[in-house]
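**Q** Have a look at the structure that comes next, please.
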Amino acid sequence: MQVIDLESLSIEADIPRFLGQFAGVLILIGGFQALGFLIQSGRPHLTRDGLLTMAMQSEQSFLGSTMLIAGLAAVATWDNIFPDRRDVMLLGALPIRPRTILAAKLASAGSLLGIGVLALNFEMGAVLPLVTGGIRHLLLVFVAYWFTAAAASVFIYGAVLTIQGVTAALLPRRWFLRLSAMLQLAAFALFLSAWALQPSFDTMEELAKAQRLGILARWPTFWFFGLFSETSDIFPIASGALARLACLALAAVVAGAGLSLLLCYVRTMKKTVEQPDLEPTRGRQRWLLPLGDPLQTAIVRFSMRSLARSRQHRVVYAFFLAIAFAIAVSTLTRVATSHHTEPVTSAFLMGTLMMMCLAVAGLRSIFSLPVSLKANWVLQVTQLSAPEHYIAATRRAMLVLATIPVWLTAAGLALCYRPWNQTLEHLLILALAGSIMTDAALFGVSKIPFACSYLPGKSNVQYIFWAFAAGFTPLAMSFSRYEQRVLDDPLSYVALVAILVAAAAELWFFNRRRAKSAVLYYEEVDPEAITTLGIGAWHPTSREASIDAR
Amino acid sequence: MLELRRVSKVFAGIPAVDDVSFSAQPGEVTGYLGPNGSGKSTTMKMITGLLELTAGQILFDGQPIQEDLIAYKRRMGYVPEEPYLYNHLSGVEYLIMVAQLRGLPARQSTERIEGLLHLLSLHGDRHASISGYSKGMRQKILIAAALLHDPDMVLLDEPFSGLNVGSALVLRQLIKELAARGKVVLFSSHELDTVERVSSRVVILHKGKIVADDSIERLRSLMDLPSLEAIFSQLAVEQDPLSTARQIADLIHA
Chain A
20 MQVIDLESLS IEADIPRFLG QFAGVLILIG GFQALGFLIQ SGRPHLTRDG
70 LLTMAMQSEQ SFLGSTMLIA GLAAVATWDN IFPDRRDVML LGALPIRPRT
120 ILAAKLASAG SLLGIGVLAL NFEMGAVLPL VTGGIRHLLL VFVAYWFTAA
170 AASVFIYGAV LTIQGVTAAL LPRRWFLRLS AMLQLAAFAL FLSAWALQPS
220 FDTMEELAKA QRLGILARWP TFWFFGLFSE TSDIFPIASG ALARLACLAL
270 AAVVAGAGLS LLLCYVRTMK KTVEQPDLEP TRGRQRWLLP LGDPLQTAIV
320 RFSMRSLARS RQHRVVYAFF LAIAFAIAVS TLTRVATSHH TEPVTSAFLM
370 GTLMMMCLAV AGLRSIFSLP VSLKANWVLQ VTQLSAPEHY IAATRRAMLV
420 LATIPVWLTA AGLALCYRPW NQTLEHLLIL ALAGSIMTDA ALFGVSKIPF
470 ACSYLPGKSN VQYIFWAFAA GFTPLAMSFS RYEQRVLDDP LSYVALVAIL
520 VAAAAELWFF NRRRAKSAVL YYEEVDPEAI TTLGIGAWHP TSREASIDAR
Chain B
23 MLELRRVSKV FAGIPAVDDV SFSAQPGEVT GYLGPNGSGK STTMKMITGL
73 LELTAGQILF DGQPIQEDLI AYKRRMGYVP EEPYLYNHLS GVEYLIMVAQ
123 LRGLPARQST ERIEGLLHLL SLHGDRHASI SGYSKGMRQK ILIAAALLHD
173 PDMVLLDEPF SGLNVGSALV LRQLIKELAA RGKVVLFSSH ELDTVERVSS
223 RVVILHKGKI VADDSIERLR SLMDLPSLEA IFSQLAVEQD PLSTARQIAD
273 LIHA
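Residue numbers (my numbering), protein chains in the order written: chain A, 20 to 569; chain B, 23 to 276.
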C-alpha cells in the first residue's frame, strides 16, 4: 500500500531503508538533546526554578521539532491518504471495501507519523518527566508529555488532510491536481519557515511577558506548550487560554480531517474514475521569451518545466528555498515592525548572500536528479552541437532559475534599506557573487540538467546542505562584515569589485575552456573502488578442463 | 545507402547481435524481422549511435557513421520501440523542443508541427500532458518528432505498436511514400502482414544472426512457401503455436 509520495523521493526509493535512516537521525538528535538536558539537570547548585527553565526551553524545542516532523510527514505522504486513480482502478475491481482501503492508508500514515514522533521524543519523553516530575508526579508528567506530542503532531497532520480533502471535494480533479502540487510546496516552505522563525524564550519571565502581549497565541507550538503546562502542572505560568486554543484547534482539525476523508471516499473516488484521461484543452499557446539560441532556449525551457512539474525536484529544491524564504521573511518582518527604512547592516548583506548560495547550491543538487532516464534517448539522438554549447545552456538555466530570481528578490528587499548608493553597491557585489557561485557550482559539470543518471547518494543533497551550514555561513558572516566597512570607503569598494570581477571572469573562462574538450554524459560512471591491471586472467588448459569434466 | 558490415554487439560475453551484414537502399523499404530477443532493437540502437558496436562497421552513403556522427544524426530520424517520452511535457512542447534541439528555423518548425499534429489527429490534445496520452498517441508523437527535420533515413522500431487501424493504415502508406521520395527506410515489426505489404526486402534475424536477406518474392520461391508468415515460422520460430496454446489452456483448467 503506497503511502509515501514516491515522487518526492529518489527514483530508486527504498522505503524501509528511508524510514530506518529517518528514524535513526531523529533518535540521534533527540538523544543528544536529552543527554544534554540530563547532564545539565544534574548540576549540584541548580535550583528548582533553574530546572524548570531548562525544562521549558527543552519542551519548546521538542514541540517545535515534533510539529516540524509531523509537517514533513504530511508533505511526504501528500495526496496518498486519498485514493488516486491507480488505487481506484486496481483495487476497485477487487472485492475490497473503500473503508478497508481507508483504514489501511490511515494505519500506514499513522505508522510513519508515529515512528517520527516516537524516534524524536523517545529519550526526552523519559528524561524530562523523570527529572521534573520526580517519583510522585512522574506518571502525570509522562502522560502529559506524550499526550501533548501526539496532539501536536495530529493537529499538523490533520490540518494538512483537512485542506487537501476540502480542496479535492470542491474542485474538479484536474484543477485539484494542479493546486495540490503548489499546496504541497507551500506547506513544506511554511513548516520549515515557521520552525526557523518561531520565537523561543529563555526565561519564565520572558515567556509570561510574551503571553501577556499575545505573542504566544499566534504560534501553534505555544498552544500545545500551554496544553502541556496545564496537564503536567509543572510550570508556574497561567496557560489555560493557550491550552483551550490547542483543544479547540485539535477538535477542529480532527473534525475537518474526518469530514474530508468521508467526502473523499464517498464522492471523490467516483469522480476519479469518471474523470477522462485526457480533457479537451483550449488553445493556450503562449508567446514565450527566447532565452538565447534555439538550443539554449530548448535546454532552459526543459529545465524550467522539469523543475515546475516534477514533484520530487520541487520538494528537494523547496528544502533549500524554504530557508532562503525564511531569511527574506525575517528581513521583511524586521522592516515591517520598525515602520521605516533600515540602514544597510551586515545582517542584510549576509542574508542576501546566503539566499544566493542556497538557491544556487539547491538547484545544482537537483540538476543531478534525472527526471526521466528512459526518455533521454531523444537528447542523445539530437545531439548535433558540440558539448560546450550544451554546457553553456546549463549555465544559462542556472542563471535563469536561481541566480537572477534571487538577485531580483534581493533588489526588492533592498528597497527597504538606505542609503541608496550602498544598496546599489551591494547589489553589484551580489551579482558578481552570484556569477562566481554559479560557475563554481557548475565546475566540471558536463551534462544537461535532469538528464543524467546518478549513483545513489552521489547528488549528496544532505552533504551540500551541511557543507553550506558549516562552511559557508561563517564565511558569509566575515565577508558581510568586511563588505559593510568597504561600502563606506570608495577606494576599497572599487578594489573589492575589481577582485570579484577578476574572479568571476577567470572562473567563467576556465569553465569555457574546459567545456571545449568535455564529453556530454548521460550515465554516471561508477567510480572504481579497485583498479585492476587485468593481467594473469586464468584460462583452463585442456588438461585442467578434462580433470574438471571427470 | 545504409550498410552494416559484420556488426556485432556483445553484452557480458553474450552476443546479442552476431556478425550481421546487410544494406538498405534509398527508395526501398527494408523490413527487419525477428522473434523477441533476436537483436532487432539492439541493431537499431547501434545504427542510431545510441549503442557502441563491439565489432564491425556501419556506413551511410559509404562513410562510417563514427567519422562524423553529428552530420549523420542530422540526416537520421528514429522511432524507438518503446514510447519513452518526457511525461511532464505536452505534445506540442515536446515537438518544439525536438525542433529547437535540431536547430530548425522557428517558422518552418511551427508550420510542420501544426501540420503533423493535424494529420496525426493530435491537434486537439496537443497541450495536454504526455502522461495522459494513450500508447498510440505517444507513438504518433514519436513519429512526428522523427520526421520533423525531413531526414534522409528513417529508422522505425515497431512503429505500429499501439496504433489504431486508421492510424496504422496512414503509417503504412507513409512508409511507402517516404521510400518513394528516395529515403532509406528500415523498419522492424511483428506484424508480418504489414511487412509483407510494405517492404521491398526483408532481413530476418534469429538469435542475433541473419537467417534470410532477400526480397519477399524470392524468399517465397526459394523456400516454396506461400507467405512471409510461413517463411518466418520456418526460419525463426521454435515453438509449435498450436501445441503451446493447448498446453496453456490445459494448465489453467487443471
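Backbone N, C-alpha and C define an ideal beta-carbon position, used for all residues, glycine too.
Excluding the five sequence neighbours on either side, which residues of its own chain have a C-beta within less than 6 angstroms of the C-beta of A:LEU326, listed in chain order?
**A** Correct list, in chain order: HIS332.
**Q** So, helix, strand or coil for A:ILE253, using DSSP?
**A** Residue state, collapsed to three classes: coil.
**Q** Using only alpha-carbon positions, find the residue among B:ILE253, B:GLY71, B:GLY84 that is nearest to B:LEU24.
**A** Taking only the C-alpha atoms, the option nearest B:LEU24 is B:GLY84.
**Q** Mark B:THR64 as exposed unless 16 or more other C-beta atoms lie within 10 angstroms of its C-beta, in which case mark it buried.
**A** By the 10 Å Cβ count, B:THR64 comes out buried.
**Q** In chain B, which residues lie with their C-beta within 7 angstroms of the C-beta of A:PHE166?
**A** Correct list: empty, because the minimum Cβ distance to chain B is about 44 angstroms.
**Q** Identify every run of the beta strand (DSSP E) within the region 138-198 of chain B, keeping only runs that are complete inside it and at least 3 residues long; order them along the chain.
**A** Runs found: 175-179.
**Q** Select from the region 385-415 of chain A all residues with a C-beta closer than 8 angstroms to any C-beta belonging to chain B, and list them in chain order.
**A** For the region 385-415 of chain A, which is checked against every Cβ of chain B, the residues closer than 8 angstroms are VAL390, SER391, LYS393, ALA394, TRP396, VAL397, LEU398, GLN399, VAL400, THR401, GLN402, LEU403, SER404.
**Q** What does B:MET98 pair with, by DSSP beta-bridge criteria?
**A** DSSP output for B:MET98 lists B:MET175 as bridge partner(s).
**Q** Given this structure, state the Cα-to-Cα distance separating A:ILE30 from A:VAL379, to the nearest angstrom.
**A** With a pLDDT of only 44 at A:ILE30, under 50, the local geometry of the prediction cannot be trusted, and the value read off the model is given with reservation. Using only the alpha carbons, I get a separation of about 23 angstroms.
**Q** So what does B:THR52 bridge to, in DSSP terms?
**A** Per DSSP, B:LEU208, B:ARG223.
**Q** Going by beta carbon distance, what residues of the same chain come within less than 7 angstroms of B:LEU214, once the five residues before and after it are set aside?
**A** Only LEU250, GLU251, PHE254 meet the Cβ criterion.
**Q** What are the start and end residues of the beta strand (DSSP E) that includes B:SER45?
**A** That run of the beta strand (DSSP E) goes 36-46.
**Q** When Cβ atoms are compared, which residues of the region 318-340 of chain A fall closer than 8 angstroms to chain B?
**A** Listed by position along the chain: ARG320, PHE321, ARG324, SER325, ARG328, SER329.
**Q** Decide if B:ASN58 is buried, meaning its Cβ has at least 16 other Cβ atoms within 10 Å, or exposed.
**A** Exposed, because fewer than 16 other Cβ atoms sit within 10 Å of the Cβ of B:ASN58.
**Q** Can you tell me which of A:ARG155, A:ILE175, A:THR151, A:ALA42 puts its alpha carbon nearest to the alpha carbon of A:ALA93?
**A** Nearest C-alpha to A:ALA93: A:ILE175.
**Q** Using the Cβ count rule (16 or more neighbours within 10 Å means buried), how would you classify A:LEU47?
**A** Label assigned to A:LEU47: exposed.
**Q** Please go through the region 489-539 of chain A and give each complete alpha helix (DSSP H) segment of 4 or more residues, from N-terminal end onward.
**A** Taking only runs of at least 4 residues, the alpha helix (DSSP H) segments lying wholly in the region 489-539 of chain A are 492-505, 509-535.
**Q** Please name the residues in the region 24-43 of chain B whose beta-carbon is closer than 7 angstroms to at least one beta-carbon of chain A, in chain order.
**A** Of all residues in the region 24-43 of chain B, none has a Cβ within less than 7 angstroms of some Cβ in chain A.
**Q** Determine whether the Cβ of A:LEU314 lies closer than 9 angstroms to any Cβ atom of chain B.
**A** Chain B, which has a Cβ nearer than 9 angstroms to the Cβ of A:LEU314, makes this yes.
**Q** Within 9 angstroms (strictly less), CB to CB, does B:VAL120 reach chain A?
**A** Closer than 9 angstroms: yes.
**Q** Quick check on DSSP: helix, strand or coil for A:HIS156?
**A** Coil.
**Q** Taking Cβ-Cβ distances shorter than 9 angstroms, what residues in chain A pair up with B:ASP65?
**A** In the sequence on display, residue 65 of chain B carries Thr and not Asp. The premise fails here: B:THR65 is roughly 15 angstroms from chain A at the closest Cβ pair, so nothing lies under 9 angstroms.
**Q** At a cut of 8 angstroms, does the region 371-389 of chain A reach the region 335-348 of chain A through at least three beta carbon pairs?
**A** Yes, they touch.
**Q** Taking 8 angstroms as the cut-off, does the region 384-391 of chain A touch the region 441-454 of chain A (at least 3 CB pairs, one atom from each stretch)?
**A** As far as the Cβ criterion goes, the region 441-454 of chain A does not touch the region 384-391 of chain A, which means the pair count is below three.
**Q** Mind checking which residues open and close the alpha helix (DSSP H) that includes B:GLN122?
**A** Element bounds for B:GLN122: 113-123.
**Q** By the criterion of Cβ-Cβ separation under 8 angstroms, what are the contact partners of B:PRO102 in chain A?
**A** By Cβ distance, chain A contributes TRP396.
**Q** On the criterion of 16 or more Cβ atoms from any shown chain inside 10 Å, does A:TRP97 qualify as buried, or is it exposed?
**A** Label assigned to A:TRP97: buried.
**Q** B:LEU123 and A:VAL516: beta carbons closer than 9 angstroms?
**A** The answer is no: Cβ separation not under 9 angstroms.
**Q** What did DSSP end up calling B:TYR106 once you bin it into helix, strand or coil?
**A** Coil at B:TYR106, not helix or strand.
**Q** If you draw a straight line from the alpha carbon of A:ALA171 to that of A:SER127, how long is it in whole angstroms?
**A** Each residue's alpha carbon lies about 19 angstroms from the other.
**Q** When DSSP labels each residue in this structure, what does A:GLY129 get in the three-state scheme?
**A** Helix, per DSSP.
**Q** Should A:GLN21 be labelled buried (16 or more other beta-carbon atoms within 10 Å of its own) or exposed?
**A** Residue placement at A:GLN21 cannot be trusted, given a pLDDT of 44 that sits under 50; the coordinates are not used to answer.
**Q** Can you tell me the Cβ-Cβ gap for A:LEU443 and A:ARG414, rounded? I've got them flagged as a contact below 8 angstroms.
**A** The pair is not a contact, with the Cβ atoms about 26 angstroms apart (cut-off 8 angstroms).
**Q** Consider the Cβ of A:GLU563: report whether some Cβ of chain B lies at a distance smaller than 9 angstroms.
**A** Because the pLDDT at A:GLU563 is just 42, under 50, the model does not fix this residue reliably, and the value given afterwards should be weighed accordingly. Chain B contact via Cβ: absent.
**Q** Among all the DSSP beta bridges, which residues are the ones paired with B:PRO86?
**A** In DSSP, B:PRO86 forms a bridge with B:LEU81.
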